[in-house]
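Same order as they appear, the protein sequences are chains A and B.
Under this note's numbering, residues 16 to 79 are what the first sequence spells out, in order.
Under this note's numbering, residues 5 to 778 are what the second sequence spells out, in order.
For every residue, glycine included, the Cβ atom is placed at its ideal position computed from N, Cα and C.
Quick caveat: nothing in here was measured; it's all calculated off a predicted structure.
Beneath this line is the structure, given in structure tokens, with notes to follow.
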Amino acid sequence: MVDISIQEIVKEARGLHPEISDAVAGKLSNFLSSDLNASELSIISVKQLTEELLNASKEINEKI
Amino acid sequence: MKIKKIKISWFRGAADPIELDLNLKSMVIYGENGAGKSSFVDAVEYNINKGRINHLAHEYSGKRQEKAVINTHMPGSQNGVILITMEDNSVIETKIQQNGCFVVNPPISEISHWDYQRTILRQNEVANFIANTKGDKYSALLPLLGLGYLEITAENLRKIERNLSLVGTLEAKRAEIERVDLKRNSSFGAVDDIAIENDLKNLYQTYCGKTATTETFSELVTNTQTAVQLKINKLSNEQKKFSSLLEISKLDVATNLSDIKISAIKLGESAQSLIVERLGVLKAAISYSEKNKDEEIKCPACGQPISSILFSSHIKSEEAALKEALANFNLYKIHVGSLCENLQNLKRLLFQDQIKDWKTQQDTGNVGYIESMEIDSIRDSCTSVIQAEIENRIVPIIEESKKEVVTPLAGVVELLTDKEKLETLQQITRALALKKKVREAEELIAFVSSLQRIFREQIRSRASAVIGAISADIARMWGILHPEERVEDVRLSLPDDVDKAIEIGLKFYGVNQDSPRLTLSEGHRNSLGLCIFLAMAKKDNKTPVILDDVVVSFDRNHRGMVGTLLVKEFSDRQVILFTHERDWYIDLKAQLDQKIWESKTLMPWESPEIGIRLSTRQFTFDDARASLQTSPDSAANTARKIMDIFMAVMAESLKISLPYLHRERNDRRTGHEFLEKIASSSNSFQIKRDGVNYESFTEALDDIKTADRLIVSWGNRASHDFNIVKNEATMLIDACEKALSRFTCTGCGKEVTNLTNEKSGFKQCACGYIKWKY
């Protein structure tokens with residue numbers, strides 16, 4: 016296992032994309048820290064994670 | 005931490021428990037092909053990789069590799085078992101059931117933290133590091149650099165990024181938004197959002213009779229639509245009939261069909277240009293690959309090989325062509341969507357009571373066609389046949405409706421125009437929700453893309469640091485394996501222009517080469533792969549180094565250098581070396597320091613029930629005995645070959661000189677020549693029988709003479725006449741084994757070559773019981 020700070024990487028990426036919600040950042044952070052990430056994701060895992068991320072993405076207040 | 009013992013039963017080739025006692029030393033283990041050497045390597049890998057063995061990962065090995073990991077003849081009552089005893093006497097026990105389920109106790113141990121890539125190197129993996137392309141080298145080397153985890157993470161992020169667009173159905177959402185925008189322009193013109201909102205507020209005031217205050221856009225649309233519908237419900241029958249026919253007359257199905265045809269033609273044109281483009285790329289790539297294979301890159305967009313120089317422009321043109329095709333496809337879908345919306349409205353209107361009489365005057369076949377239409381299937385596939393049917397059956401009905409509304413009916417036209425506007429506004433509201441989702445997904449994609457980029461930057465900077473740190477080791481180890489060869493300055497590097505690539509450069513007779521493949525032979529490339537592995541294994545790592553048959557493509561001279569390399573660079577590490585090369589095994593026994601190295605031999609394989617067996621004998625005569633029953637000639641011949649190899653090594657150690665022969669014949673001396681010379685040196689081989697004085701070791705000399713005599717008569721006959729019988733072969737093998745055993749002390753167990761006294765000119769075993777004066 017490589018010694019790397021996932022929190023720092025996610026923080027750096029959020030600095031570039033401040034609109035990203037805590038929920039999305041949290042989900043990706045968990046994913047990147049988990050054992051699951053030690054192997055290549057299957058198609059099903061990618062789809063499931065993608066759906067979770069889309070559901071967790073932040074609400075945007077929109078006019079017309 | 006070193007390994008003390010590896011014990012396996014019913015695992016891979018093992019049957020009853022077989023224990024490899026390493027005695028905390030380095031070890032060279034000899035065994036014929038199939039003797040079971042790799043089963044011990046697999047046992048270590050199984051523990052490192054948590055129940056997986058990479059070379060067994062294929063479709064026939066079963067979900068848990070149970071068909072390959074378990075001995076095929078394991079009794080039902082047994083489990084596959086691996087017991088690994090470590091330096092601190094901790095034991096890691098792995099029990100594997102017939103179905104491949106396994107339990108490791110303790111689950112977390114020293115070995116579970118080891119990195120396979122830096123611990124084990126197998127024969128088929130040596131060449132991986134010197135793979136064909138930069139990308140392949142990257143895939144093989146990155147895990148070795150300890151960065152495989154980061155690469156997999158970056159790759160997973162890339163998959164998620166790509167999938168966000170698919171799962172979020174972004175293209176379909178964008179197409180729907182575009183369709184609504186077109187409708188908005190057609191209903192309201194090119195006005196801004198404020199103008200549209202004001203228009204809505206006016207409609208709200210007109211139909212609801214009050215001024216909009218705190219209502220949202222969506223609430224204003226819904227409330228106004230309700231008020232308009234109430235007003236339509238109150239129209240007279242004649243007005244209602246007019247309104248329905250007016251609605252039908254406005255369904256511009258003919259234009260829809262025309263738009264679909266035009267966009268289909270454009271779609272076909274862009275597909276054609278794409279095919280031409282791809283053929284051109286393929287031609288260029290083939291031409292290039294013939295000139296210089298080492299610079300090939302596989303295009304991620306189309307999968308074609310292409311030069312690195314052309315790569316960038318190829319991707320741009322490929323991308324532009326694909327974007328144009330995609331835009332045309334979206335436009336086509338938009339027009340089909342508009343057609344379906346109009347058909348849906350027509351179907352709904354035709355069921356209204358107010359136009360019942362008018363409907364009976366129309367062609368019943370055409371009316372029936374409309375009423376039975378499945379709009380969703382048309383949305384999925386709007387073929388030219390369907391388009392023709394719509395043109396022939398539906399367009400005439402709409403044309404008929406137009407005749408009925410030539411003279412406007414007061415109050416109705418305006419009401420219907422407003423109703424249509426409100427429907428567009430309702431679609432705009434839905435499109436807003438879609439826009440929000442698209443934006444969310446786009447932001448998410450950009451975020452994941454940034455994460456991936458940061459990981460790639462991490463990989464690059466770490467790879468660069470590791471490569472810098474090991475380059476000197478690689479060059480030094482290469483120098484040991486290839487002294488006096490003018491291949492120097494072997495180095496790894498990261499190309500500036502490509503993300504996923506590692507290059508290996510070197511200087512060949514003073515000329516810089518970008519790739520080992522340009523000048524190095526297969527054997528040299530493999531020895532370079534071995535150097536890269538050993539350099540990484542040496543770095544920040546204290547695990548044993550396990551080498552499984554890695555010198556297959558090396559000649560005898562370079563195999564000898566591997567021994568030198570291990571002595572020079574890995575004296576402080578435990579090295580476990582498996583080989584099927586008998587002469588190398590014998591060379592190593594003479595070459596390696598017996599204080600830190602031991603050697604063992606495996607018996608030839610017989611059956612799954614018997615499994616792997618360690619030989620109790622010091623030499624490799626079990627290989628010869630294995631064929632005694634079926635082929636005495638072969639058995640005797642093997643014994644003769646063993647003597648040729650062993651005696652050549654022994655004679656060199658004992659500094660026995662023989663008359664010089666012509667050229668390479670010096671390298672092809674037979675065991676007989678050395679035995680004959682030793683047998684005649686009665687004063688050289690001595691024994692301290694009384695513990696004080698040395699005397700001639702006559703029993704040894706007699707045994708050596710006997711072995712020599714039998715080799716000359718039966719060994720040579722086995723090689724040439726093939727008519728030796730079993731008893732003769734047995735006697736020959738026994739005599740050879742006995743003769744060789746005389747060079748090992750019966751007291752301390754060390755060979756007579758163990759210690760050297762240069763000053764007095766003799767060699768002796770560790771305790772001095774036997775010695776050789778040279």
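- Query: Between the Cα of S43 (chain B) and the Cα atoms of B:S65, B:S686, B:I74 and B:E63, which residue gives the shortest distance?
  - Reply: As a first step, residue 43 (chain B) is located in the second sequence; it is residue number 39 there, counting from the start. Here the closest residue by C-alpha is B:I74.
**Report entry** Beta-carbon neighbours of S72 (chain A), restricted to chain B and to distances below 8 angstroms
**Finding:** Within the first sequence, the letter at position 57 stands for residue 72 (chain A). Correct list: E444, A445, E447 and L448.
Beta-carbon proximity check, D694 (chain B) vs A743 (chain B), cutoff 8 angstroms: Locating residue 694 (chain B) in the second sequence gives position 690, counting from the first residue. Locating residue 743 (chain B) in the second sequence gives position 739, counting from the first residue. Cβ atoms of D694 (chain B) and A743 (chain B): not closer than 8 angstroms.
Kindly indicate the opening and closing residues of the beta strand (DSSP E) around M90 (chain B). In the second sequence, the residue the question calls residue 90 (chain B) occupies position 86. Element bounds for M90 (chain B): G84 to M90.
Taking 8 angstroms as the threshold (C-beta atoms), are R563 (chain B) and E585 (chain B) in contact?
Indexing the second sequence from 1 puts residue 585 (chain B) at position 581. Indexing the second sequence from 1 puts residue 563 (chain B) at position 559. Closer than 8 angstroms, so yes.
Requested in this report: Would you check whether the ligand SAM has a heavy atom nearer than 7 angstroms to the C-beta of L87 (chain B)?
Outcome: The ligand SAM is not part of this structure, which contains no ligands at all.
Report task. Give the straight-line distance between the Cα atoms of K6 (chain B) and E36 (chain B), rounded to the nearest whole angstrom. Result -> Within the second sequence, numbered from 1, the residue matching residue 6 (chain B) stands at position 2. Within the second sequence, numbered from 1, the residue matching residue 36 (chain B) stands at position 32. Going by the C-alpha atoms only, they are around 26 angstroms apart.
Alpha-carbon to alpha-carbon, F459 (chain B) and S657 (chain B):
Residue 657 (chain B) sits at position 653 when you count from the first residue of the second sequence. Residue 459 (chain B) sits at position 455 when you count from the first residue of the second sequence. Looking at the two C-alpha atoms, the distance is approximately 55 angstroms.
- Could you work out which residues of chain A lie near N167 (chain B), taking near to mean beta carbons separated by less than 8 angstroms? Within the second sequence, numbered from 1, the residue matching residue 167 (chain B) stands at position 163. Those are V61, K62 and T65, listed as they occur along chain A.
Below 8 angstroms between beta carbons: does that hold for T757 (chain B) and A652 (chain B)? Here residue 757 (chain B) refers to the residue found at position 753 when the second sequence is read from its first residue. Here residue 652 (chain B) refers to the residue found at position 648 when the second sequence is read from its first residue. No, the pair does not count as a contact, with Cβ atoms beyond the cut-off.
Inset, instruction - Identify whether S293 (chain B) lies in helix, strand or coil by the three-state DSSP scheme. - result: Taking the first residue of the second sequence as 1, we reach residue 293 (chain B) at position 289. Because the pLDDT at S293 (chain B) is just 48, under 50, the model does not fix this residue reliably, and the value given afterwards should be weighed accordingly. Reduced to three states, the DSSP call for S293 (chain B) is helix.
Report task. With a 10 Å radius around its C-beta and 16 neighbouring C-beta atoms as the bar for buried, classify Y698 (chain B) as buried or exposed. Result -> Within the second sequence, the letter at position 694 stands for residue 698 (chain B). Burial call: buried.
Under three-state DSSP, which class holds D298 (chain B)? In the second sequence, residue 298 (chain B) corresponds to position 294, counting from 1. Its pLDDT being 49, under 50, D298 (chain B) is placed unreliably in this model, and the coordinates cannot settle the point.
Return helix, strand or coil for E77 (chain A), following the three-state DSSP convention. For this step, residue 77 (chain A) is matched to residue 62 along the first sequence. Any reading at E77 (chain A) is ruled out, since the residue's pLDDT is 41, under 50, leaving its predicted position unreliable.
Q. What is the rounded straight-line gap between the Cα of S120 (chain B) and the Cα of K177 (chain B)?
A. Counting from one through the second sequence, the residue named residue 120 (chain B) turns up at place 116. Counting from one through the second sequence, the residue named residue 177 (chain B) turns up at place 173. Rather than Ser, the amino acid found at residue 120 (chain B) in this sequence is Tyr. Their backbone Cα atoms lie some 46 angstroms apart in a straight line.
Discussion item. Between A38 (chain A) and chain B, is any beta-carbon pair separated by less than 8 angstroms?
Written reply: One-based indexing of the first sequence puts residue 38 (chain A) at position 23. No, A38 (chain A) lies away from the interface with chain B (no Cβ there is under 8 angstroms from its Cβ).
Review point. Excluding five sequence neighbours on each side, which residues of the same chain lie with their C-beta closer than 7 angstroms to the C-beta of D422 (chain B)?
Key: Taking the second sequence and counting its residues from 1, one reaches residue 422 (chain B) at position 418. So the qualifying residues of the chain are L207 and V232.
Q. Which word fits H339 (chain B), buried or exposed, when buried means at least 16 other C-beta atoms lie within 10 angstroms of its C-beta?
A. Position 335 of the second sequence, counted from the first residue, corresponds to residue 339 (chain B). The residue in question, H339 (chain B), is buried, as its Cβ has 16 or more Cβ neighbours within 10 Å.
8 angstroms Cβ cutoff, T523 (chain B) in contact with chain A
Looking up residue 523 (chain B) in the second sequence gives position 519. For T523 (chain B), the answer is no, since every Cβ of chain A falls outside 8 angstroms of its Cβ.
So what does DSSP say about F44 (chain B), is it helix, strand or coil?
For this step, residue 44 (chain B) is matched to residue 40 along the second sequence. The answer is helix: DSSP assigns F44 (chain B) an H, G or I state.
Status (buried if at least 16 other CB within 10 Å, exposed otherwise) for Y34 (chain B): What you label residue 34 (chain B) is simply residue 30 of the second sequence in a count that begins at 1. The residue in question, Y34 (chain B), is buried, as its Cβ has 16 or more Cβ neighbours within 10 Å.
Check: When you compare only the Cα positions, how much space is there between S531 (chain B) and L485 (chain B)?
Finding: Locating residue 531 (chain B) in the second sequence gives position 527, where the first residue counts as 1. Locating residue 485 (chain B) in the second sequence gives position 481, where the first residue counts as 1. Distance between the alpha carbons of S531 (chain B) and L485 (chain B) is about 8 angstroms.
### Query
Taking I4 (chain B) as the reference, which of B:E129, B:N103, B:S94 and B:C105 has the closest Cα?
A question about residue 4 (chain B) goes unanswered here, because the residues of chain B that appear run from 5 up to 778.
field: 8 angstroms Cβ cutoff met for A628 (chain B) and I737 (chain B)
entry: Stepping through the second sequence from its first residue, residue 628 (chain B) is reached at position 624. Stepping through the second sequence from its first residue, residue 737 (chain B) is reached at position 733. Taking 8 angstroms as the Cβ cut-off, A628 (chain B) and I737 (chain B) qualify as a contacting pair.
Exercise. Where in the stretch 98 to 178 of chain B do unbroken runs of the alpha helix (DSSP H), each at least 4 residues long, occur, reported from the N-terminal end onward?
Worked result: 138 to 148 and 152 to 171
Notebook entry, point to check: Just to confirm, are G753 (chain B) and Y773 (chain B) a CB contact at a threshold of 8 angstroms?
Noted result: Within the second sequence, numbered from 1, the residue matching residue 753 (chain B) stands at position 749. Within the second sequence, numbered from 1, the residue matching residue 773 (chain B) stands at position 769. Cβ distance not < 8 angstroms, so G753 (chain B) and Y773 (chain B) don't count as in contact.
Exercise. Scan the stretch 43 to 73 of chain B for residues whose Cβ lies nearer than 7 angstroms to a Cβ of chain A and list them as they occur along the chain.
Key: none
- Any C-beta of chain A sitting closer than 8 angstroms to the C-beta of L174 (chain B)? As a working note, residue 174 (chain B) is residue 170 in the second sequence. No, L174 (chain B) does not count as interfacial toward chain A.
Which of helix, strand or coil DSSP assigns to C771 (chain B): For this step, residue 771 (chain B) is matched to residue 767 along the second sequence. Here C771 (chain B) sits in coil by DSSP.
Nearest to V579 (chain B) (by Cα), restricted to the options B:T568, B:M565, B:W601 and B:N561: Here residue 579 (chain B) corresponds to residue number 575 of the second sequence, with the count starting at 1. For V579 (chain B), the nearest C-alpha among the options comes from B:W601.
Subject >> Whole-Å CB distance - S247 (chain B) paired with L255 (chain B), under 8 angstroms assumed >> reply: Locating residue 247 (chain B) in the second sequence gives position 243, counting from the first residue. Locating residue 255 (chain B) in the second sequence gives position 251, counting from the first residue. About 14 angstroms; that fails the 8 angstroms criterion.
(request) Return the Cβ separation of Y589 (chain B) and S688 (chain B) in integer angstroms, given the expectation that the two are a contact with Cβ distance under 8 angstroms. (result) The count along the second sequence starts at 1 and reaches residue 589 (chain B) at position 585. The count along the second sequence starts at 1 and reaches residue 688 (chain B) at position 684. Wrong, their Cβ atoms sit about 26 angstroms apart, outside the cutoff.
**Prompt:** Which residues in the same chain have their Cβ closer than 8 angstroms to the Cβ of V371 (chain B), if we skip the five residues on either side of it in sequence?
**Reply:** For the purposes of this step, residue 371 (chain B) is taken as the residue at position 367 of the second sequence. Counting only Cβ-Cβ distances below 8 angstroms, and skipping sequence neighbours, we find L354, K363 and I401.
*Close Cβ partners of K244 (chain B) (< 7 angstroms) along its chain, the five nearest in sequence each way excluded*: Mapped onto the second sequence, residue 244 (chain B) falls at position 240. These residues qualify, in order along the chain: Q358.
Just the C-alpha distance for L596 (chain B) and R122 (chain B), rounded to the nearest angstrom, thanks. For the purposes of this step, residue 596 (chain B) is taken as residue 592 along the second sequence, with counting starting at 1. For the purposes of this step, residue 122 (chain B) is taken as residue 118 along the second sequence, with counting starting at 1. Looking at the two C-alpha atoms, the distance is approximately 23 angstroms.
Taking just the CA atoms, how far does P612 (chain B) sit from H77 (chain B)?
Here residue 77 (chain B) is taken as the residue at index 73 of the second sequence, counted from 1. Here residue 612 (chain B) is taken as the residue at index 608 of the second sequence, counted from 1. The alpha-carbon atoms of H77 (chain B) and P612 (chain B) are separated by roughly 6 angstroms.
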